[in-house]
Amino acid sequence: MSDLLAPYELKGLSLKNRIVMPPMCQYSVDKEDGIPNDWHYVHYVSRAIGGTGFIIVEMTSVHPDGRITNRDTGIWSDSQIEAYRRITDGVHAYGSKIAVQLGHAGRKAVDAELPVAPSAIPFDANFKTPQALSKEGISGLIEAFREGALRAIEAGFDTVEIHGAHGYLIHQFHSPLTNSRDDEYGQDPALFGEQVVKAVREVVPVDMPLIMRISAKEYVEGGYDAEYALDVCRRYKDAGVDLFHVSSGGEGPIGSNGGLGAGPAYQVDLAEFIRSELQVPVIAVGRLESFTEAQSIVAEERAELIAVGRGMLSDPYWALHAEEALGGVRNVPKPYERGIWKKG
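First residue of the sequence shown? That's 25 in the numbering used here, and the numbers climb one at a time after it.
(1) For R362, count the other beta carbons within 10 Å of its own beta carbon; 16 or more makes it buried, fewer makes it exposed. Which is it?
(2) The beta strand (DSSP E) with T84 in it runs from where to where?
(3) Which of the three DSSP states, helix, strand or coil, is assigned to I364?
(4) Helix or strand or just coil, what does DSSP make of I122?
(5) Here's a check: name, in chain order, each residue in its chain whose Cβ is nearer than 7 angstroms to the Cβ of T93, leaving out the five neighbours to either side.
(6) Which residue comes first and which comes last in the alpha helix (DSSP H) that contains L302?
(7) Measure the C-alpha to C-alpha separation of V224 and L302 and round it to an integer number of angstroms.
(8) Please report the distance separating the alpha-carbon of A179 from that of F315.
(9) Please name the residue, chosen from W63, M83, I238, that lies closest to F169 on a Cα-to-Cα basis.
(10) Going straight from the alpha carbon of N61 to that of R95, what length do you get?
(11) Fully enclosed by the region 30 to 97, which alpha helix (DSSP H) runs are 4 residues long or longer?
(12) Can R259 and E218 be called in contact, C-beta distance under 8 angstroms?
(13) Quick one: Cα of G114 to Cα of R42, how far?
(14) In terms of residues, what are the limits of the beta strand (DSSP E) holding H345?
(15) Does the beta-carbon of G285 have 16 or more other beta-carbons within 10 angstroms, so that it is buried, or is it exposed?
(16) I'd like the span of the beta strand (DSSP E) that includes M236, first residue to last.
(17) Please state whether DSSP places A24 in a helix, a strand or coil.
(18) Closer than 8 angstroms is the cut-off here; do at least three beta carbon pairs connect the region 66 to 76 with the region 146 to 153?
(19) Using the three-state DSSP reduction, which class does F147 fall into: helix, strand or coil?
(20) Return the Cβ separation of H128 and Y192 in integer angstroms, given the expectation that the two are a contact with Cβ distance under 8 angstroms.
(21) Is the region 29 to 44 touching the region 228 to 241, taking contact as three or more C-beta pairs under 8 angstroms?
(22) Check whether the Cβ atoms of R71 and P340 lie closer than 8 angstroms to each other.
(23) Once the 5 residues before and after F78 are set aside, which same chain residues still bring their CB inside 6 angstroms of it?
(24) Report the partner residues of I194 according to the DSSP bridge assignment.
Next comes the structure, spelled out in structure tokens:
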């Protein structure tokens, strides 16, 4: 039987447990330069101290105009590498592994003077109408993802995740709601994401498992379903994705929160569907704060890894507390031994 606290290996990535901190924007950059600061260092390293096996850094833009806001992180310049190296070194010092999520907000880039997107369709009446990308612009952004991956490797990240979910640029291309182009990128909605995956796969080491976050379902009228997402994921798998991080929504007012009916583990069925149909490992995410529920999902082999977002915002030591609840912490940091029950 699989165990939430058991090690996990995929290619050259070795994790001490199955617990993941998913990317969550902090909106805490100081100078609009995209460089992470002390807040980001403490935020991520504290979760490593707290026992998390795998940390995925917030959506980090490959282009200055690809940030959701100007207070988001970026990885479009070599000047940003050193600050990420400080974070990766800190996380590694406490036995955790770390990835960065490469992304571009597309039409949801609030502070961009002129956002870009597959088509000139605004997110809603409160957002700017984006400029439809030219083919040259598309090529430039594919190269930006490639260069972002190279900087991530230089900064010491253990691998990268490509953001293809939550209504951001790659999602905008593969969704019929937001892609009305009449060229090959409209006739083949998965083409842009596929080309991004191939570009990143070309520059990351062969033993690095490439991760992609996907919205496996849209929550608005006319939005795609899990079967449509499966076909898109198949393309991305064939292009080089090794592990899918399965979320949903983001293209409309419901956002990525699942709506009123969304309760604990509300997206696990979607992750399990992608896993079983494509025979690929998956990260399940979505209100998985319960230690026993997270354990049961892994034990029942519905997902390989469990991402805990809101739970870790509330409790940096969620992983240690999960160990405590599920049988006793084996490797509690010595300064915390008086506060957390240690087994043996």
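Backbone N, C-alpha and C define an ideal beta-carbon position, used for all residues, glycine too.
Since we're looking at a predicted model, the values are computed, not measured.
The short version:
(1) With a 10 Å radius around the Cβ and a threshold of 16 neighbouring Cβ atoms, R362 comes out exposed.
(2) Note, T84: beta strand (DSSP E), 78 to 85.
(3) coil
(4) Here I122 sits in strand by DSSP.
(5) These residues qualify, in order along the chain: Y51, V134, D135.
(6) 292 to 302
(7) 21 angstroms
(8) Those two C-alpha atoms are separated by around 32 angstroms.
(9) M83
(10) 11 angstroms
(11) 62 to 73
(12) In this structure, R259 sits near E218, with a CB-CB distance shorter than 8 angstroms.
(13) 20 angstroms
(14) Run containing H345: none in the beta strand (DSSP E); it sits in the alpha helix (DSSP H), 342 to 350.
(15) The residue in question, G285, is exposed, as its Cβ has fewer than 16 Cβ neighbours within 10 Å.
(16) 235 to 239
(17) No statement about residue 24 is possible, as the shown extent of the chain runs from 25 to 368 and does not include it.
(18) no
(19) coil
(20) 6 angstroms
(21) With the cut-off at 8 angstroms, the region 29 to 44 and the region 228 to 241 touch.
(22) The Cβ atoms of R71 and P340 sit closer than 8 angstroms to each other.
(23) L39, V44, K121
(24) Paired residues: none, contrary to the question.
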